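Following our numbering, the residues of the sequence shown are numbered contiguously, the last one being 1257. Virtual Cβ for every residue (Gly too), placed ideally from N, Cα, C. A quick note: this is a predicted structure, and the numbers were derived from the prediction, not measured.
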Amino acid sequence: MTTIGDGPEISVIMPAWRSAKFIKDSIASVQAQLDIQWELIVVDDASPDNTADIVKALAASDSRIRLEILSKNQGPAAARNRAIDLSSAPFVAVLDDDDTMHASRLRTLVDLAETEGADIVVDNMLEVDDEPSGEVIGRFLSLPDDGQSKSISLAEYLDPGSEAKLGGSIGYLKPVFRRSALSVRYDESLRNSEDFYLVAELLARGSAMTLSPKALYRYTRRRGSLSWRLSAENAASIVAAHEAFDKRHLSKLEPRQIRASRRLLRERRDRMAFAMLVDALKSRRLGGTIAAFLGRPRSLPFMLMELSRIMREKLFARSAPAST
């Protein structure tokens, strides 16, 4: 049985739900980490499959793995919070239950945090199709591995324009936190964007953040169906979280930070309007579809653009040759 020596340098927290297909590979990528002492806290969010049984079997032969099973489904933010409460190391890393990491990731990011004096460190991601061992689709951010790490300010983090500059949203990256900076916990009303708003809250409270261009995180991307897209309920929760963030912080922010936050809130509201439209289309509610189109006129250009993009994706998926 593998045991911890002088205690872990980093706690990996993994909320798990219905991940029997993926979680063994995800945990194996933690066990493969080089030159660092770690602990893994898996919180099973009342999975209806045998996810917990798989983790139990792995934990039986590796004392660094700890499993907690929630009695009822509470969502990823609540599972993350429980995992943080159970963890003990000076750094905390988030790993989703269907993703994997390069063997050098944790050592690299902890060293970067120490060198830069950062409270939050994120790295670029490789997007992979369907499963952790699947085909690499590409790099999430358009940054070369050999580039320089850079500090990320609150204004840059919030600004939707950063996505165009970097090739993707920084908020999707999986954070490593310095425990001493975790002065707040995840917003448990969120079932999407929970990492984004925890990081935003910490930055607004003065934490320092560094981005590494190295793509050491492998992110599973599931494509081809509207079913994975943001629901209207989740989109509304995100808008509410952003409005609450502005209420707490806007009066204390600098003009650039205020502009960035307001731009992002407008985008969040556009996405909520689009999610309402998608929900109405999927349930074939004509009245709901019309209401979604007319309820927020300023979101119409965004909704039409998103519909066009989805149609292009579906046409491409249908025309692509079947894999053998």
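Selected residue, minimal CA-CA separation from residue i, among the options
i	options	result
A1177	A1137, A1213, L1144 and K1215	A1137
I943	S980, S1020 and D1120	S1020
S1102	R1112, R1111 and L1091	L1091
Q1007	R1189, S1122 and S1086	S1122
A1141	A1165, R1154 and F1110	F1110
A1168	Q1190, K1185 and R1202	R1202
T1033	Q1081, L1186, I960 and A1051	I960
K1185	I1070, G1071, A1088 and Y1152	A1088
G1071	Y1152, L1198 and R1192	Y1152
F955	L967, S1037 and G1067	G1067
V1043	I998, D1120, T1143 and G1139	T1143
S1084	Q1190, L1045 and H1182	L1045
Proximal residues to residue i (C-beta, below 6 Å), its chain only, five neighbours per side dropped
i	result
A1016	I946, I974 and V976
R1118	N1014
E1134	V1117
R1124	G1008 and N1167
K1107	V1027 and Y1150
V1069	L1059 and V1061
Straight-line Cα distance separating residue j from residue i
i	j	result
V1054	E1200	25 Å
A949	D1212	26 Å
K1180	A965	43 Å
H1035	N1057	12 Å
S952	I969	26 Å
E1127	V963	22 Å
P1023	E1049	16 Å
M1209	A1173	15 Å
Y1130	S1086	14 Å
A1051	M1205	33 Å
L991	L1099	38 Å
S1113	L1214	46 Å
G1104	L1059	15 Å
R1038	L967	8 Å
S1075	A1097	10 Å
A985	E1047	35 Å
S997	D1120	One point to set straight first is that residue 997 is Arg, not Ser, in the sequence displayed. Looking at the two C-alpha atoms, the distance is approximately 27 Å.
I1191	L1183	6 Å
G1139	R1189	16 Å
R1231	W971	49 Å
S1004	R1195	39 Å
F1073	L1115	26 Å
Classification of residue i by the beta-carbon crowding that lies within 10 angstroms, buried from 16 upward
i	result
S1170	buried
P1077	exposed
N983	exposed
G940	exposed
S1216	exposed
D1018	exposed
P1009	buried
D1079	exposed
R1242	exposed
Q1081	exposed
A1193	buried
E1187	exposed
S1095	buried
V1132	buried
Cβ neighbours of residue i in the same chain (closer than 8 Å, five flanking residues each side left out)
i	result
T1041	D1056, S1145, K1147 and L1149
K989	L1000
L1197	L1091, D1092, P1093 and H1175
A1165	M1205, A1208, M1209, V1211 and D1212
Beta-carbon separation (whole angstroms), residue i vs residue j, contact threshold 8 Å
i	j	result
A1012	D978	5 Å
I987	K957	6 Å
D1062	R1154	6 Å
Contacts around residue i, its chain only, beta-carbon distance under 7 Å, and the 5 residues preceding and following it disregarded
i	result
P981	R951
L1163	N1125, R1204 and A1208
9 Å Cβ cutoff, residue i in contact with chain C
i	result
E1089	Of the protein chains in the structure, only one exists, and it is not chain C.
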